[in-house]
Amino acid sequence: MRSKCERRVLGSPRRHSSKTYGIQYHRLLSYARPAGDSQKPFFWMFVDNLVLEDEVSDAATFRFFETNPLIVYDVQNGAVMSAVQVWGNIPSLNSKYSAPLWTVDLVQLRENLRNSNFVGTRLAKLLKKFFVPMREYFRCLPPS
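Numbering-wise, the sequence shown is residues 10 to 153 according to my numbering.
1. Alpha carbon to alpha carbon, how far is residue 126 from residue 53?
2. Just tell me which of 133, 56 and 45 has its CA closest to the CA of residue 33.
3. Output the distance between the C-alpha atoms of residue 98 and residue 42, rounded to the nearest integer angstrom.
4. Tell me the DSSP secondary structure of residue 79 in three-state form.
5. Skipping 5 residues on each side, what residues in its chain have a beta carbon closer than 6 Å to that of residue 35?
6. Do residue 84 and residue 93 have their beta-carbon atoms positioned less than 8 Å apart in this structure?
7. Nearest to residue 102 by alpha carbon, out of 149, 136, 150 and 144?
8. Buried or exposed: which applies to residue 139, given that a residue is buried once 16 or more other Cβ atoms fall within 10 Å of its Cβ?
9. Rounded to whole angstroms, what's the CA-CA distance from residue 4 to residue 38? Just pull it up for me.
10. Quick check: the Cα distance between residue 150 and residue 45, rounded to an integer number of angstroms?
11. So what's residue 85 in DSSP terms, helix, strand or just coil?
The structure is reproduced here in structure tokens:
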């Protein structure tokens, strides 16, 4: 018989919904934000990699982020392998080049992933394209 901790580590289902994590993240943001009169840049990003789960998150759930989610697809060899929802105020997220030129049926994609043994790529690799332009932004800032 395995302990409760071992069962949790060895693949038990997630404990909370995306909504719970979003609310907690928003709480952290409210503490981390600089004062209203501060000139310091403050960028944030919330990534929901559970977009392909049965209970697809409703964007209205995350209305307190004051932005619409962007769905980022993991495309390999011309096929969409996975997807994540991203909220944030990073300028490259709002770029017209960040949105894909196609639409994907997430329900069909979820079924395809369940039938295969696909292991998703690392999230950092998928989101790198949004952070690369930030280097130039911070190079232009005067040293403090």
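Every residue gets a Cβ at the ideal spot worked out from N, C-alpha and C, and that includes glycine. Model, not experiment: these values are computed from the prediction.
The relevant details are as follows:
1. Sequence index remark: in the sequence shown, residue 126 carries index 117 (1-based). Sequence index remark: in the sequence shown, residue 53 carries index 44 (1-based). Confidence at residue 126 is low in this model, with a pLDDT of 49, below 50, so its placement is unreliable and the value that follows should be read with caution. The straight-line gap from Cα to Cα measures roughly 33 Å.
2. Locating residue 33 in the sequence shown gives position 24, counting from the first residue. Looking at 133, 56 and 45, the one whose alpha-carbon comes closest to that of residue 33 is 56.
3. Indexing the sequence shown from 1 puts residue 98 at position 89. Indexing the sequence shown from 1 puts residue 42 at position 33. For residue 98 and residue 42, the distance between alpha carbons rounds to 13 Å.
4. Taking the sequence shown and counting its residues from 1, one reaches residue 79 at position 70. Residue 79 falls in the strand class under three-state DSSP.
5. Position 26 of the sequence shown, counting from 1, holds the residue named residue 35. Its chain contains 73 as the residues whose beta carbon lies nearer than 6 Å to that of residue 35, once the 5 sequence neighbours on both sides are disregarded; these appear in chain order.
6. Reading the sequence shown from its first residue, position 84 is the one you call residue 93. Reading the sequence shown from its first residue, position 75 is the one you call residue 84. No. Outside cutoff.
7. The residue labelled residue 102 in the question sits at position 93 within the sequence shown. Answer by Cα proximity: 136.
8. Position 130 of the sequence shown, counted from the start, is the residue given in the question as residue 139. Buried, because 16 or more other Cβ atoms sit within 10 Å of the Cβ of residue 139.
9. Any answer about residue 4 is impossible in this case: the structure gives the chain only from 10 up to 153.
10. Against the sequence shown, residue 150 aligns to sequence position 141. Against the sequence shown, residue 45 aligns to sequence position 36. Taking the straight line joining both Cα atoms gives about 20 Å.
11. Position 76 of the sequence shown, counted from the start, is the residue given in the question as residue 85. Reduced to three states, the DSSP call for residue 85 is strand.
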